[in-house]
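> The listed protein sequences correspond, in order, to chains S and G.
All the letters of the first sequence, read from the start, carry residue numbers 155 to 296 under the numbering used here.
All the letters of the second sequence, read from the start, carry residue numbers 155 to 296 under the numbering used here.
In this text, a Cβ means the ideal position worked out from N, Cα and C, and glycines have one as well.
These numbers were taken from a predicted model, which means no experiment stands behind them.
2 protein chains.
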Amino acid sequence: MQISSRFTLAIHIFACIDTFGREHKITSDFLAGSTNVNPVIIRNILGQLKNAGLINVARGTGGSTVAKPLGAISFLDIYHAVECVEDGKLFHFHENPNADCPVGRNIHHILDSKLIRIQHAMEKELTAITLEDLKKDTEKYL
Amino acid sequence: MQISSRFTLAIHIFACIDTFGREHKITSDFLAGSTNVNPVIIRNILGQLKNAGLINVARGTGGSTVAKPLGAISFLDIYHAVECVEDGKLFHFHENPNADCPVGRNIHHILDSKLIRIQHAMEKELTAITLEDLKKDTEKYL
DNA sequence: TACGCTGTAATGTCAATGGTTACATGCCGT
DNA sequence: ACGGCATGTAACCATTGACATTACAGCGTA
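(1) Which chain S residues sit within Cβ distance under 7 Å of G:Val220?
(2) What residues match up with G:Gly245 in a beta bridge as DSSP calls it?
(3) Rounded to whole angstroms, what is the Cα-Cα separation between S:Asp287 and S:Pro256?
(4) What does a CB cutoff of less than 7 Å around S:Ile221 pick up in its chain, not counting 5 residues either side in sequence?
(5) Is S:Ile270 helix, strand or coil by DSSP?
(6) Let me check one thing: in DSSP terms, what residues is G:Asn210 bridge-paired to?
(7) Below 7 Å on C-beta distance, what does G:Val239 contact in chain S?
(8) By Cβ distance below 6 Å, which residues in the same chain neighbour G:Arg160 in space, the five residues on each side in sequence not counted?
(9) Specify the secondary structure class of G:Thr284 as computed by DSSP and reduced to three states.
(10) Could you name the residues of the region 156-185 of chain G whose beta carbon sits closer than 8 Å to any beta carbon of chain S, in the order they occur along the chain?
(11) Taking the CB atoms as reference points, tell me whether S:Tyr295 and G:His263 lie closer together than 7 Å.
(12) Within 10 angstroms of the Cβ of G:Lys179, are there 16 or more other Cβ atoms? Answer buried if so, exposed if not.
(13) Is S:Asn252 closer than 7 Å to G:Asn190 when the C-beta atoms are compared?
(14) At a CB-CB cut-off below 7 Å, which residues of chain S make contact with G:Val191?
(15) Could you list which residues in chain S have their beta carbon closer than 8 Å to that of G:Pro251, in chain order?
(16) Can you list, in chain order, the residues of its chain with a C-beta nearer than 8 Å to that of G:Gly258? Leave out the 5 residues immediately preceding and following it.
(17) Which residue comes first and which comes last in the alpha helix (DSSP H) that contains S:Ser182?
(18) Counting Cβ pairs, one atom from each stretch, are 3 or more of them under 8 Å apart for the region 273-286 of chain G and the region 274-287 of chain S?
(19) What separation, rounded to the nearest whole angstrom, lies between the Cα atoms of S:Thr162 and S:Ile270?
(20) Among residues of its own chain, excluding the 5 on either side of S:Ile165, which ones have a beta-carbon nearer than 8 Å to its beta-carbon?
(21) Return the chain-ordered list of same chain residues with a C-beta closer than 8 Å to the C-beta of G:Thr292, the five sequence neighbours on each side being excluded.
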């Protein structure tokens, strides 16, 4: 399975806020236009980003703004805000390995630390990239 | 979304082959017993591992064996064998960003290299762990 | 108060996972 | 060469998550 497009959508949203936020009001319809995704999907993602404290969304008047300095928001923050996996675990384990089998009884002891190592490697790289980096590259291509 | 349990199942399978292969014949039913997963699911995974050249499966007589030295099989090999994602991409991108929008038109230029960087970090760690490591830790817990 | 936008519920479609039954095919021992 | 055991698949089902879509209540400002 792949990581859901909500993650790339969220980043797209930040790129839009940063690029157009000064001229346009960033509404869910505006973002739906840029991403070519349904406005309700956008609103749900905006809600997740808001709950994570990454953006402010104005009720009534409308429009979204970034809640922190760009350098203080990493891709991992966005990933966690948007990817709702139980326990934040990247790997899905088969549920009931047989406790009567020596391997089944110990498979978690054997594997868990290795899986966490892999997940950490990915999260470390997610942490290393911030919206500040995104902004620089966005300006480069515009 | 999480990475499917086929990955942890595949590793469980290798642990069983390695641990019991000398005494028992490793059939799909045997593995179904240890993993507590349906035999047909196991057979499908065995088929994927076989197609990747990682194991041999004996038709008729039954039983599975490892096809290479343990040190020559990495977690990444298993991951690729078992996780059938198009292009092997970890991140799912929203399909049709609006080409009329400066951000929508360039979002791939901006993001793709970053996403690949993250994926590579994970794959590097997957490569670093081999079945030889698995064997050592399995013996430690048995 | 009217308008524009957000928040959210309800519903639908689609794809992937995992389970289950069934059966043809292939190998071996007797 | 036949019977038995195991694999390889097909077919079908239930469940889940993603994403789309419609609808509408709630909020804030002009």
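For this structure:
(1) Under the 7 Å cutoff, chain S gives no residues; its nearest Cβ is about 15 Å from G:Val220.
(2) For the sequence presented, residue 245 of chain G should be read as Phe rather than Gly. Bridge partners of G:Phe245: S:Ile157.
(3) 48 Å
(4) Per the sequence shown, residue 221 of chain S should be read as Ala rather than Ile. Once the five neighbours on either side are set aside, the close Cβ partners of S:Ala221 are Gly207, Leu208, Ile209 and Asn210.
(5) helix
(6) G:Thr219
(7) Gln156
(8) Ile199 and Val236
(9) strand
(10) Gln156, Ile157, Ser158, Ser159, Phe161, Thr162, Leu163, Ile165, His166, Ala169, Cys170, Thr173 and Phe174
(11) yes
(12) exposed
(13) yes
(14) His248
(15) His166, Ser188, Thr189 and Asn190
(16) Pro251 and Asn252
(17) Ser182 to Thr189
(18) yes
(19) 23 Å
(20) Phe229, Ile232 and Leu288
(21) Ala169, Asp172 and Thr173
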